[in-house]
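At position 12 of the sequence shown (counting the first as 1) the number is 12 in my numbering, and the numbers step up by one without a gap. The beta-carbon is built from N, C-alpha and C at its ideal position, and this holds for glycine as well. Here the structure is a predicted model, which is why all the values come from computation and not from measurement. Since the structure comes first, as structure tokens, the remarks are kept for the end.
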Amino acid sequence: MNQTMEYYDKTAAQWARQGYGPDAALICLQDFLKLLPEGARVLDLCCGAGYETGRIAASGYRALGMDFSRESLKIARQQNPSLPFYEADMLGDYSHIGMVDAIVVIAGLVHVETSKLPLAFQQMNKVLKENGKLLFSVRDGTGKMKDRSLCAVDGMQYDRNFIAHTLEELREAAKGFFSYQCELASDMNVWKNYVFAKKRQISAN
Ligand SMILES: C[S@@+](CC[C@H](N)C(=O)[O-])C[C@H]1O[C@@H](n2cnc3c(N)ncnc32)[C@H](O)[C@@H]1O
């Protein structure tokens, strides 16, 4: 098990208490959902304990969640028994979940090395429909943030590998798949919310 997964398994309940709190809803998520067609199927990628997945569904969209932390998914399923949640790595192939109209990745790319962003985007591209939209909520900056990476839980040290990304890094890694559309307002200015859209795929025939 890698340290990021182990850290989120160990802290799932703590994140859930915070995320299901009454003041935890993100303005950018509601702003993003307004850009989607009615009844859109929306993947909450790196959903953690499923609080945003639940809010997406409560806003009238067909929500599904995916994460690699089994303990977070247990809470997500308990809290949202009617929603589908999948256990998978965002850097692997998860196309078995079917096609979606939109993907939200809230504080998920903070665990993807800059060199691996193209792979993460390639996997998202496989499940995103033509004209599909993406919301990336990222920690602004570049490279690994040591102070946010090293965390102690129950006397054990974890390196959860917390990585900041600039818009330019995202645009560069996304260029074969998605194009940048706009920035949405953020509740905290160290976090940036970027909307991308799937590029029209040119068929080989
Ligand atoms: C900072 S939490 C964000 C959770 C939630 N999206 C939120 O807004 O609070 C990061 C989540 O990403 C998940 N995660 C990190 N790397 C992942 C990967 N490679 N594949 C799937 N999930 C991953 C972790 O398990 C954790 O639940």
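beta-carbon residue i near ligand 1 non-hydrogen atom, thresh 6 Å
{"i": "Thr-142", "result": "no"}
{"i": "Ala-107", "result": "yes"}
{"i": "Phe-249", "result": "In the structure as shown, the chain begins at 1 and stops at 205. Residue 249 is therefore absent and cannot be evaluated."}
{"i": "Gly-50", "result": "no"}
{"i": "Phe-32", "result": "no"}
{"i": "Tyr-91", "result": "Here residue 91 turns out to be Leu, not Tyr, going by the sequence shown. At least one heavy atom of ligand 1 is nearer than 6 Å to the Cβ of Leu-91, so yes."}
{"i": "Asp-187", "result": "no"}
{"i": "Ser-69", "result": "yes"}
{"i": "Cys-46", "result": "yes"}
{"i": "His-111", "result": "yes"}
Helix, strand or coil at residue i according to DSSP, with G and I counted as helix
{"i": "Cys-182", "result": "strand"}
{"i": "Met-124", "result": "helix"}
{"i": "Val-112", "result": "coil"}
{"i": "Lys-133", "result": "strand"}
{"i": "Gln-157", "result": "strand"}
{"i": "Phe-162", "result": "coil"}
{"i": "Lys-74", "result": "helix"}
{"i": "Phe-32", "result": "helix"}
{"i": "Arg-17", "result": "helix"}
{"i": "Leu-45", "result": "strand"}
{"i": "Leu-64", "result": "strand"}
{"i": "Ala-173", "result": "helix"}
{"i": "Asp-147", "result": "helix"}
{"i": "Asp-140", "result": "coil"}
Contact under 7 Å by Cβ, residue i with residue j
{"i": "Leu-45", "j": "Gly-108", "result": "yes"}
{"i": "Leu-43", "j": "Leu-73", "result": "no"}
{"i": "Ala-197", "j": "Lys-133", "result": "yes"}
{"i": "Tyr-7", "j": "Tyr-158", "result": "yes"}
{"i": "Phe-136", "j": "Val-105", "result": "yes"}
{"i": "Ile-103", "j": "Met-124", "result": "yes"}
{"i": "Ala-23", "j": "Leu-184", "result": "Residue identity differs from the one stated: residue 23 is Asp in this sequence, not Ala. No. Outside cutoff."}
{"i": "Ala-120", "j": "Val-112", "result": "yes"}
{"i": "Ile-27", "j": "Asp-187", "result": "yes"}
{"i": "Ala-76", "j": "Tyr-61", "result": "no"}
Buried versus exposed, by CB contacts within 10 Å (16 or more), residue i
{"i": "Gly-50", "result": "buried"}
{"i": "Asn-189", "result": "exposed"}
{"i": "Arg-160", "result": "buried"}
{"i": "Thr-142", "result": "exposed"}
{"i": "Lys-192", "result": "buried"}
{"i": "Arg-55", "result": "buried"}
Any non-hydrogen atom of ligand 2 closer than 6 Å to residue i Cβ
{"i": "Cys-182", "result": "As far as ligands go, the structure on display features ligand 1 and does not contain ligand 2."}
Chain B within 7 Å of residue i, Cβ atoms only
{"i": "Lys-144", "result": "The chain inventory of the structure shown lacks chain B, comprising one protein chain alone."}
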